[in-house]
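Read the structure below first, then the notes.
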Amino acid sequence: MFYETRVLMGRDFTLRRFASEVLGGSVDPVMLGYIEKGQRFPSEALVRRLAAIRKEDPHALLALLWRDRILYAFGKELRRVLHAPRGAAGIEDADLAVLVSRAIATLPDDGSWIPVRRWRRQFRAVPPRQARTVVVNDALAGRVEETLRERQLIEVRAGKVRRRGHHFVATDVKERHALALEFCTLFAKGLLDKLALAEVDTGTYLRNHYLNIESARLPEFQKRLDAALRQLAKEFAADAGPHTHFLNVLVTSTTY
Amino acid sequence: MQVRRHLWRIANVLILGALLAACTGGSGSSGFDAISEDAAITQALDTQQCVQFEALQICPTDESLEARTPTPEVPQTPAASGTPHPPHKPQIDTGHGDASCVPALGGSQCSFMLPFAPGGFPANADFRVAARRLPPPSLWSIFPAPASTGTDAAPSFDATVPVQVPGSAPATTVAVQVAILAFISHPAAAPGDVKELSDSGADFAFVTQLTIPVAAGVP
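So the sequences go chain by chain: P and S.
Quick note on the working numbering: the first sequence kicks off at 1144 and runs consecutively.
Quick note on the working numbering: the second sequence kicks off at 3 and runs consecutively.
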């Protein structure tokens, strides 16, 4: 966001000039460089200042900061849980899981073939509103394709591709880490939409439904919950376009 | 006029059809566990690790020592609680290297022998073998109790596994999925067909995928 603002102001601002002239010397240029690369978090005061420069509601930008802080803290703890190597750290790890979801959702539900080129173009085209989260490079996209092929979720033949499955299971530590961060991103976003952006129409639904249930009926409940969600997703799924959103429905049914 | 109206109607139907066909957007899901038994079996075979599906632990047979994971635990039963359990996790080793499917006289079936040796199970564990043809997956057939060939300290069994052979063309091989079911909390399932292994009430299913050569003489 800081980089985008600096570049979009169109005056060839260097880090030093932007820090002193636009941000009023409230941040060191070296620190601003780290913030732009996502290696440090900005202070809330700095985010408010940026929002004022961009003439935007500060809460929308603050919500992004809070989400990333939650993700950072979660990712740090998660590494301990999974005994993941240090190299697997970072908010950007969720990118793989996000891209896997997009790649699966871009294929027709009925298993019909579509050109591989179209599929690649569509799942790599990340909407501008998500540009901070997903930076699709060839290596990442190639890894997604390879993973989906290995899991037999897609079939590629003669320049065409079709789906063979719907459900991606994270197996190794890296995938589990990536998926956990994606889930955390979705939950944090949903929560912050309701807490920090309560006045804004974010389109987020957040509810906790609860009930007492016989232990023996719990597996049946969860099976039917999954089937109902699957049916809804199939019914409402549309081709990605300027008037569509990439909707995620994160569900947990857990005893407490 | 009538003809033109009819043509318009056909055109409208075609346009509507094209629009509906264009709405082919997909959906999907992701998670940490399999959501169908078949997916769980595939995952267990692909990763060579145990996968929990509902109340059933699905594991690969013949796990190498390196691949053996400490995840599955033998459920405690009142009958078993008084006796000490072996310290290592349950496993099944099979010996099917040179098996061939021997045709039954005048039928469309052939049978092969599957020896297996369980380890890490309590003494009250009961075993059954189930199998199904591939592809596509058919119903699982659970067979009668296998013949014991071992001792209490070193149990082993020989199971005869009958398989349907397609009658349309002479078969040289048959592809089967075999599951060795271990029953600890419930009595062993009676012979018969089940849609899913979890329907059998087994605690463990040790699965393997085999391509067995068919001995000469099968139609």
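Glycine residues also receive a C-beta, built at the ideal position from the N, C-alpha and C atoms.
* Ser32(S) versus Arg1294(P), Arg1183(P), Ser1255(P), Arg1222(P), residue with shortest Cα-Cα distance -> Arg1294(P)
* **Assigned secondary structure, Ser150(S) (DSSP; H/G/I helix, E/B strand, else coil)** => strand
* Asked: How long is the line joining the alpha carbons of Thr210(S) and Thr63(S), rounded to whole angstroms?
  -> 6 Å
* Contact with chain S by Ser1244(P), beta-carbon distance below 9 Å -> yes
* At a Cβ threshold of 9 Å, is Val1312(P) touching chain B? -> The question asks about chain B, but that chain is absent: this structure's protein chains are P and S.
* Just how far apart, CA to CA, sit Ala1321(P) and Ala101(S)? -> 43 Å
* Asked: In three-state terms, what does DSSP make of Trp142(S)?
  -> strand
* **Any beta strand (DSSP E) of 3 or more consecutive residues that is wholly inside the segment 1175-1256 of chain P** => none
* What number of angstroms, rounded off, separates the C-alpha of Ala1339(P) from the C-alpha of Trp1209(P)? -> 9 Å
* For His1320(P), does the three-state DSSP call read helix, strand or coil? -> helix
* To do: Just mark Arg1264(P) as buried or exposed, buried being the case when its beta carbon has 16 or more other beta carbons within 10 Å.
  => exposed
* Under three-state DSSP, which class holds Lys1133(P)? -> Because chain P is modelled from 1144 through 1399, residue 1133(P) falls outside the range shown and cannot be assessed.
* Meets three-Cβ-pair contact criterion under 8 Å: the segment 172-191 of chain S and the segment 128-142 of chain S -> yes
* Asked: Should Asp205(S) go down as buried or exposed, given a rule of 16 or more other Cβ atoms within 10 Å for buried?
  -> buried
* **Buried versus exposed call for Gly1302(P) [16 or more other C-beta atoms within 10 Å across all chains shown]** => exposed
* Asked: Whose C-beta lies closer than 8 Å to the C-beta of Pro1201(P) among residues of the same chain, with five residues either side of it excluded?
  -> Val1190, Arg1191, Ala1194, Ala1195
* Asked: Between the Cα of Gln50(S) and the Cα atoms of Ile94(S), Thr175(S), Ser202(S), Ala147(S), which residue gives the shortest distance?
  -> Ile94(S)
* Asked: Run through DSSP, which three-state label would Thr1395(P) get?
  -> coil
* Between which two residues does the beta strand (DSSP E) carrying Phe1145(P) extend? -> No beta strand (DSSP E) holds Phe1145(P); the alpha helix (DSSP H) holding it covers 1145-1151.
* With contact counted as at least three CB pairs below 8 Å, one residue from each stretch, are the segment 1243-1258 of chain P and the segment 1358-1369 of chain P in contact? -> no
* Asked: Of all Cβ atoms in chain P, is any one closer than 9 Å to the Cβ of Glu198(S)?
  -> no
* Classification of His1309(P) by the beta-carbon crowding that lies within 10 angstroms, buried from 16 upward -> buried
* Closest residue to Leu1250(P) among Ala155(S), Pro105(S), Gly27(S), Thr213(S) (Cα-Cα distance) -> Gly27(S)
* For Leu1166(P), which of helix, strand or coil comes out of DSSP? -> coil
* From what residue to what residue does the beta strand (DSSP E) around Val1259(P) run? -> Not the beta strand (DSSP E): Val1259(P) falls in the alpha helix (DSSP H), residues 1259-1267.
* Nearest CA to the CA of Gln149(S): which residue from Thr162(S), Glu65(S), Pro137(S), Ala155(S)? -> The residue asked about is misnamed: residue 149(S) is Ala in this sequence, not Gln. Out of Thr162(S), Glu65(S), Pro137(S), Ala155(S), Thr162(S) has the C-alpha closest to the C-alpha of Ala149(S).
* Near Glu1335(P), what residues of its chain come up, given a Cβ to Cβ distance below 7 Å and the 5 sequence neighbours on each side ignored? -> With the sequence shown as reference, residue 1335(P) is identified as Leu, and Glu is not the correct amino acid for it. Excluding sequence neighbours, Leu1335(P) sits near Ala1206, Trp1209, Arg1210.
* Please list the partners that Ile2(S) has in chain P, where partner means a Cβ-to-Cβ separation under 8 Å. => The requested residue 2(S) is not part of the displayed model; chain S covers only 3 to 221.
* To do: Determine the closest residue to Thr1345(P) out of Leu1368(P), Leu1390(P), Lys1317(P), Ala1383(P), with distance taken between C-alpha atoms.
  => Leu1390(P)
* Report the three-state DSSP secondary structure of Gln1365(P) (helix, strand or coil). => helix
* To do: Take Leu141(S) and list the residues in its own chain whose beta-carbon comes closer than 8 Å to its own, dropping the five residues that flank it on each side.
  => Arg134, Asp195, Val196, Lys197
* If you drop the 5 nearest sequence neighbours on each side, which residues of the same chain put their C-beta closer than 7 Å to that of Thr175(S)? -> Thr213, Ile214, Pro215, Val216
* Asked: Grouping DSSP H, G and I as helix and E and B as strand, with all else coil, what is Pro86(S)?
  -> Low confidence applies here, because Pro86(S) scores a pLDDT of 41, under 50, leaving its location unreliable; read the following figure in that light. Pro86(S) falls in the coil class under three-state DSSP.
* Between the C-alpha atoms of Phe1156(P) and Val1165(P), what's the straight-line distance to the nearest angstrom? -> 9 Å
* To do: Could you name the residues of chain P that Ala41(S) contacts, counting a contact when the two beta carbons are closer than 8 Å?
  => Gly1308, His1310, Val1312
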